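What follows is one structure encoded as structure tokens, with my remarks underneath.
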Amino acid sequence: MDMSIAAMSVDMSQARFSQQFGISVMKMAMDTTEEAVGEMLESLDPAVGNNIDIAV
1 MDMSIAAMSV DMSQARFSQQ FGISVMKMAM DTTEEAVGEM LESLDPAVGN NIDIAV
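For the sequence shown, position 37 (counting from the first letter as 1) is numbered 37 according to the UniProt record's numbering, and the numbering increases by one without interruption.
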């Protein structure tokens, strides 16, 4: 398995790009999820969940 320095450099560059792309996609997904959760929390009725009715 004899690889030249140039081939190793290309492989490392491609791996770095792939990793950066994956991180970028993950950040976009996290931002989208954060927005969705924020909208969901804003849509909740603040009066719901303040009281607990318990019957024994």
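The beta-carbon is built from N, C-alpha and C at its ideal position, and this holds for glycine as well.
In this text the structure is predicted, and so the values were computed from the model without any measurement.
First through last residue of the alpha helix (DSSP H) which encompasses residue i
i	result
residue 37	5-43
Span separating the alpha-carbon of residue i from that of residue j
i	j	result
residue 40	residue 13	41 Å
residue 34	residue 5	43 Å
residue 29	residue 8	32 Å
residue 37	residue 3	49 Å
CB contact below 8 Å: residue i versus chain B
i	result
residue 43	The chain inventory of the structure shown lacks chain B, comprising one protein chain alone.
7 Å CB neighbourhood of residue i in its chain, flanking five on each side removed
i	result
residue 26	none
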